[in-house]
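Residue numbering for the sequence shown follows this note's numbering, starting at 13 and increasing by one per position.
Read the structure below first, then the notes.
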Amino acid sequence: MTENLRPHEPETEFLGKSMYKLLAAMFPICRSLTGDGVRESLRIIQEIIPNLKVVEVATGEVAFDWKVPREWNISEAYIETMNGVRVIDFKNNNLHVVGYSDQIDAIVSREDLAKHIYTLKNRPQAIPYVTSYYERNWGFCTTVEQLQQLTDDRYHVVIRSTLTEGYLTYAEMILPGKSSDEILLSTYVCHPSMANNELSGPSVVTYLADWLSHSEDRYFTYRIVFIPETIGSIVYLSRNLEPMKRHTKAGFVVTCAGDNRAYSFLPSRLGSTLADRVSLHVMQHEIEEFTKYSYLERGSDERQYCSPGVDLPVVSIMRSKYDTYPEYHTSDDNLDLVTEDGLLGTYILLKRSIQLLEVNGPYVSTVLCEPQMGSRGIYPTLSTSDSAIDTWPMMNVLAYCDGDHDLIEIAEIMNCYAIDLIPIVQLLLSHNLIRHVTETVQDRKKMSE
Numbered sequence: 013m014t015e016n017l018r019p020h021e022p023e024t025e026f027l028g029k030s031m032y033k034l035l036a037a038m039f040p041i042c043r044s045l046t047g048d049g050v051r052e053s054l055r056i057i058q059e060i061i062p063n064l065k066v067v068e069v070a071t072g073e074v075a076f077d078w079k080v081p082r083e084w085n086i087s088e089a090y091i092e093t094m095n096g097v098r099v100i101d102f103k104n105n106n107l108h109v110v111g112y113s114d115q116i117d118a119i120v121s122r123e124d125l126a127k128h129i130y131t132l133k134n135r136p137q138a139i140p141y142v143t144s145y146y147e148r149n150w151g152f153c154t155t156v157e158q159l160q161q162l163t164d165d166r167y168h169v170v171i172r173s174t175l176t177e178g179y180l181t182y183a184e185m186i187l188p189g190k191s192s193d194e195i196l197l198s199t200y201v202c203h204p205s206m207a208n209n210e211l212s213g214p215s216v217v218t219y220l221a222d223w224l225s226h227s228e229d230r231y232f233t234y235r236i237v238f239i240p241e242t243i244g245s246i247v248y249l250s251r252n253l254e255p256m257k258r259h260t261k262a263g264f265v266v267t268c269a270g271d272n273r274a275y276s277f278l279p280s281r282l283g284s285t286l287a288d289r290v291s292l293h294v295m296q297h298e299i300e301e302f303t304k305y306s307y308l309e310r311g312s313d314e315r316q317y318c319s320p321g322v323d324l325p326v327v328s329i330m331r332s333k334y335d336t337y338p339e340y341h342t343s344d345d346n347l348d349l350v351t352e353d354g355l356l357g358t359y360i361l362l363k364r365s366i367q368l369l370e371v372n373g374p375y376v377s378t379v380l381c382e383p384q385m386g387s388r389g390i391y392p393t394l395s396t397s398d399s400a401i402d403t404w405p406m407m408n409v410l411a412y413c414d415g416d417h418d419l420i421e422i423a424e425i426m427n428c429y430a431i432d433l434i435p436i437v438q439l440l441l442s443h444n445l446i447r448h449v450t451e452t453v454q455d456r457k458k459m460s461e
């Protein structure tokens with residue numbers, strides 16, 4: 013829970029409320045792999061990050077082993093009695109319709125209708141989330157009780173949808189830094205009204221993008237993408253793979269970021285990338301406990317980013333991981349499940365990870381032996397036991413600025429949190445006592461708060 017986070021600058025209430033407000037604004041929208049619901053959601057996000065660029069990819073475009081599907085939109089769907097009483101209505105909950113359902117307007121027997129209705133026996137009060145993206149079908153999703161109430165012999169079934177040549181829509185923002193090396197933030201906008209599984213990720217990423225866009229001293233370039241899950245990441249990689257392979261130093265798939273129960277970590281395929289090391293270091297120092305999953309338990313866009321031949325260093329920092337909490341892929345994943353506090357907790361962990369990435373890396377001392385610190389005014393002129401204690405962390409950092417140890421390694425040798433060493437690194441940089449081994453300029457500042 014967020015209250016277990018180490019105390020930091022008070023970025024608390026306002027951000028939590030803002031992320032929840034954004035999530036709530038997008039919650040009623042019916043999204044899918046394609047269609048107007050995705051566009052509407054991205055327009056709302058653009059109100060906060062107006063530099064977000066929307067890209068349309070035409071139906072049929074080839075992306076590796078896949079093709080962009082036809083565009084699906086829906087305006088109305090219901091089941092009504094022969095007396096005109098609507099017993100199931102898409103307007104009440106957009107999970108009531110199977111995603112990508114064909115249009116239908118027909119009188120259907122109760123027996124035939126039952127073949128097209130989906131429920132959850134283990135969660136009878138919830139509406140399940142069901143899709144049929146790549147095979148023509150139609151269907152409705154209901155609670156078990158709603159199904160049991162369908163006792164008439166015949167019903168009027170209507171789905172007003174279109175499946176046409178159109179576009180897959182995604183959005184990206186590239187924030188240039190001093191370096192062409194990149195950090196990836198990826199989230200998805202393709203599920204209908206589910207709060208934690210769908211909208212917590214875009215809400216957290218939107219406000220991370222807002223923070224990054226106002227940070228004036230970025231070292232890394234940031235690639236921030238809002239895509240449909242699976243097909244979206246495949247399409248995006250097919251268009252951007254070569255520069256991403258050259259430049260991506262760490263990446264995060266952001267999903268299931270909003271409940272208040274747990275923290276979870278899903279590693280990259282190899283489990284030893286910079287993204288893995290930074291995330292685990294931050295989580296171990298920021299929160300009391302979290303569950304570390306295996307890559308064998310993957311299920312989101314890390315499947316594409318980490319796949320053989322792509323091999324990007326991408327991980328996930330989450331709250332309750334997808335497919336592990338009881339409300340997952342049901343109507344119970346609603347606005348009551350996510351909290352301001354839950355969203356804020358994920359935001360802080362990701363922000364800390366980015367801040368650490370910005371300053372991490374091998375540093376090398378610019379002088380041989382210990383430098384004369386007193387002459388620079390950064391070491392007490394009187395030697396006492398207290399002064400030694402106060403300056404020992406700085407001297408320990410210097411002792412490992414050998415060009416071989418990055419800041420995380422130094423912190424782990426010192427058994428401390430690398431974030432707490434940033435002021436020391438800044439101080440040593442400002443006095444030209446160390447330099448980053450990959451830079452020509454010595455003073456590499458951390459990101460603005």
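Note that CB positions come from ideal geometry on N, CA and C, so glycine has one too.
The structure displayed is predicted, hence computed values, not measured ones.
Looking at the DSSP output, D414 shares a beta bridge with V376. DSSP, read as helix, strand or coil, puts S365 in helix.
If you check the CB distance, K363 and W223 come in under 8 Å. When the Cα atoms are used, P204 and V120 turn out to be separated by approximately 26 Å. Less than 8 Å separates the beta-carbon of D313 from that of E241.
Under the criterion of beta carbons closer than 8 Å, E184 and R235 qualify as touching, at roughly 7 Å. When N63, S44 and Y141 are compared, the shortest CA-CA separation from V201 is found for S44. In the DSSP assignment, A70 is bridged to Y179. Here K333 is buried, its C-beta having at least 16 other C-beta atoms within 10 Å. A residue is called buried once 16 or more other Cβ atoms fall within 10 Å of its Cβ, and I186, having fewer, is exposed. Beyond the five residues adjoining it in sequence on each side, T260 comes within less than 7 Å, by CB distance, of E194, L196, L324 and P325 in the same chain, given in chain order. Secondary structure note for E194: its beta strand (DSSP E) is the uninterrupted segment E194 to Y200. R148 and P81 have their C-alpha atoms some 12 Å from each other. Judged by DSSP in its simplified three-state form, D353 adopts helix. For D432, the number of other beta carbons within 10 angstroms of its own is below 16, and it is reported as exposed. Per DSSP, reduced to three states, the secondary structure at H448 is strand. Positions of the beta strand (DSSP E) runs, each at least 3 residues long and wholly inside the stretch 217 to 268, are given as 233 to 239 and 260 to 265 in order along the chain. DSSP links E88 through a beta bridge to R172.
When only Cα atoms are considered, I56 and V217 end up about 13 Å apart. Beta-bridge pairing by DSSP links E83 to T176.
Rounded to the nearest angstrom, the Cβ distance from S343 to A138 is 5 Å, consistent with a contact under 8 Å.
Per the DSSP secondary-structure output, V109 pairs in a beta bridge with F152.
Apart from sequence neighbours up to five positions away, the residues of its chain that approach S377 with a beta-carbon distance below 8 Å are P383, L410, C413, D414, L445 and I446, ordered along the chain. At a cut-off of 4 residues, the continuous stretches assigned as alpha helix (DSSP H) that sit fully inside the stretch 261 to 316 are 286 to 298. Apart from sequence neighbours up to five positions away, the residues of its chain that approach T303 with a beta-carbon distance below 8 Å are A274, Y275, S276, F277 and K333, ordered along the chain. Closest option to R289, judged by alpha-carbon separation, among P214, G178 and I420: I420.
G244 is the residue among E370, G244, N408 and E123 whose C-alpha sits nearest the C-alpha of T181. In chain order, K261, A262 and P325 place their CB closer than 7 Å to the CB of L286, counting only its own chain and leaving out the 5 sequence neighbours on each side. At least 8 Å separates the beta-carbon of V266 from that of I171. A straight-line Cα-Cα distance of about 28 Å links I436 and E301.
Residue range D48 to Q58 is occupied by the alpha helix (DSSP H) that includes V50, with no beta strand (DSSP E) assigned at that position. Straight-line spacing of the CA atoms in Y231 and L369 works out to 9 Å. Between the beta-carbon of N272 and that of G386 there is about 50 Å, and that puts the pair past the 8 Å contact cut. In this structure, the straight-line span from the alpha carbon of T155 to that of V169 is close to 17 Å. If you draw a straight line from the Cα of Q438 to the Cα of R251, it is about 38 Å long. When only Cα atoms are considered, R51 and Q316 end up about 23 Å apart.
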